[in-house]
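Trainee: Each residue of the sequence shown is one higher than the last, beginning at 859 in the numbering used here.
Beta carbons: idealized from backbone N, C-alpha and C, even for Gly.
Since the model is a prediction, treat every value here as computed from it, not as a measurement.
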Amino acid sequence: MPAFQVSHLLPLLYAVLLGGAIGFEREWNGRPAGLRTHVIVCLSATMLILVSRGLDAQSIGLGEAGRIVFDPNRMGAGIVTGIGFLGAATVIRSGDLLRGLTTAACIWFVAGLGIVLGNQDYGLGVSATAIVLFVLVVLNRMAHVIKPVIYRRLIVLSQRTDLDALMQEVRRVLGEEELHVLDVSSGFDRRQEQGELVFYTSLKNEHQLPRLTERVMQLDGVDVARWKLINVPH
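Listed below in structure tokens is the structure:
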């Protein structure tokens, strides 16, 4: 094994500072992986690359069986692949709300950052960290003005038997609120004498669903109006 070199201190210091900068931003915003996690991941990746570079010129003697030469490039690939389990642990799904993807991406980034620093490319490491911090801080504020498209099911239960007429009335209400109806399904339960209409919709999330529920409930013969999530594949 190669002996410790004083030159190793600089990349390790960069790993603490740059990985810590990303981790501090995540910690400040209350994310599941914060300052310590990002520093440790970046520091570990840097350390492993430094060790692999030290072994690059060495080989393991196997006597008559020949020799195995260590390939340092595989270390970087192993780090990027292996860090995936840690990133996946930060992702939380609640309905159609997915949280933690940015933090998972940050963990993956600091692992790559450690590889860059282990190769002593400090300019690239600093530049990439500055860009990521810009994305996390500045673009995050800009994202709040974007109104994303969301998908919902509107379920309407009614004692009315003229479901086609009721469907047209509900569609008119949805159209006035600029909801796009993707599809409509229907059914009727004779035992309970109750009809069901299901509207599959897409809309810009302007928090208009409570108002829409109230308007649909005011339609003649509507007993129940409720919204449910739609899982839309991408």
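Quick check on this structure: which residue in SER865, LEU876, HIS866 and LEU867 has the alpha carbon closest to the alpha carbon of LEU982?
Mentor: Here the question's residue 982 lines up with position 124 in the sequence shown. It is LEU876 whose Cα lies nearest to the Cα of LEU982.
Trainee: Is it true that the CB of LEU1015 sits closer than 8 angstroms to the CB of GLN1076?
Mentor: Against the sequence shown, residue 1076 aligns to sequence position 218. Against the sequence shown, residue 1015 aligns to sequence position 157. Their beta carbons are not under 8 angstroms apart, which means GLN1076 does not touch LEU1015 by this criterion.
Trainee: If you run the structure through DSSP and keep just helix, strand and coil, what is HIS1002?
Mentor: Position 144 of the sequence shown, counting from 1, holds the residue named residue 1002. In this structure, HIS1002 counts as coil in the three-state DSSP scheme.
Trainee: How many angstroms separate the CA atom of SER910 from the CA atom of LEU1087?
Mentor: Reading the sequence shown from its first residue, position 52 is the one you call residue 910. Reading the sequence shown from its first residue, position 229 is the one you call residue 1087. Taking the straight line from one Cα to the other gives about 49 angstroms.
Trainee: Using beta-carbon positions only, say whether PHE967 and VAL990 come within less than 8 angstroms of one another.
Mentor: Your numbering for residue 967 matches position 109 in the sequence shown. Your numbering for residue 990 matches position 132 in the sequence shown. Yes, they are a contact pair.
Trainee: Does the region 1063-1083 come close enough to the region 1021-1030 to have 3 or more Cβ pairs within less than 8 angstroms?
Mentor: The region 1063-1083, when compared against the region 1021-1030, does touch it at the 8 angstroms Cβ threshold.
Trainee: Counting only the same chain and skipping the five closest in sequence on each side, list residues whose C-beta sits under 6 angstroms from that of GLY934.
Mentor: Taking the first residue of the sequence shown as position 1, residue 934 is located at position 76. Around GLY934: ILE973.
Trainee: Per DSSP, SER1043 is paired with what?
Mentor: In the sequence shown, the residue the question calls residue 1043 occupies position 185. In the DSSP output, where bridge partners are listed per residue, SER1043 has VAL1056.
Trainee: To the nearest angstrom, how far is the alpha carbon of VAL1082 from that of LEU1061?
Mentor: The count along the sequence shown starts at 1 and reaches residue 1082 at position 224. The count along the sequence shown starts at 1 and reaches residue 1061 at position 203. One C-alpha to the other measures close to 21 angstroms.
Trainee: Any idea what DSSP makes of ARG1010, helix, strand or coil?
Mentor: Indexing the sequence shown from 1 puts residue 1010 at position 152. It is a strand residue.
Trainee: Just reading off the alpha helix (DSSP H) that VAL968 is part of, what are its end residues?
Mentor: Numbered from 1 along the sequence shown, position 110 holds the residue referred to as residue 968. Counting along the chain, the alpha helix (DSSP H) containing VAL968 begins and ends at 959-976.
Trainee: Using a 10 Å radius around the Cβ and a threshold of 16 neighbouring Cβ atoms, would you call VAL1003 buried or exposed?
Mentor: Translated into the one-based positions of the sequence shown, residue 1003 becomes position 145. Flag for VAL1003 reads exposed.
Trainee: Please classify ALA873 as buried or exposed, where buried requires at least 16 other C-beta atoms within 10 Å of its C-beta.
Mentor: Sequence index remark: in the sequence shown, residue 873 carries index 15 (1-based). ALA873 comes out buried.
Trainee: Is ALA988 helix, strand or coil by DSSP?
Mentor: The sequence position of residue 988 within the sequence shown is 130, counting from 1. It is helical.
Trainee: Tell me VAL1080's beta-bridge partners as DSSP assigns them.
Mentor: Working through the sequence shown from its first residue, we reach residue 1080 at position 222. According to DSSP, which records beta bridges pairwise, VAL1080 is partnered with SER1016.
Trainee: Measure from the alpha carbon of GLU1054 to the alpha carbon of each residue in ASP979, LEU997 and ASP1020, then state which is nearest.
Mentor: Counted from its first residue, the sequence shown places residue 1054 at position 196. Nearest of ASP979, LEU997 and ASP1020 to GLU1054, Cα basis: ASP1020.
Trainee: Reducing DSSP to helix, strand and coil, say where HIS1065 ends up.
Mentor: The count along the sequence shown starts at 1 and reaches residue 1065 at position 207. Three-state result, HIS1065: coil.
Trainee: Can you give me the Cβ contacts of LEU1032 inside the same chain, cut-off strictly under 8 angstroms, excluding the 5 residues immediately before and after it?
Mentor: The residue you call residue 1032 lines up with position 174 of the sequence shown. Excluding positions up to five away in sequence, the list reads LEU1012, VAL1039, PHE1057, THR1059 and LEU1070.
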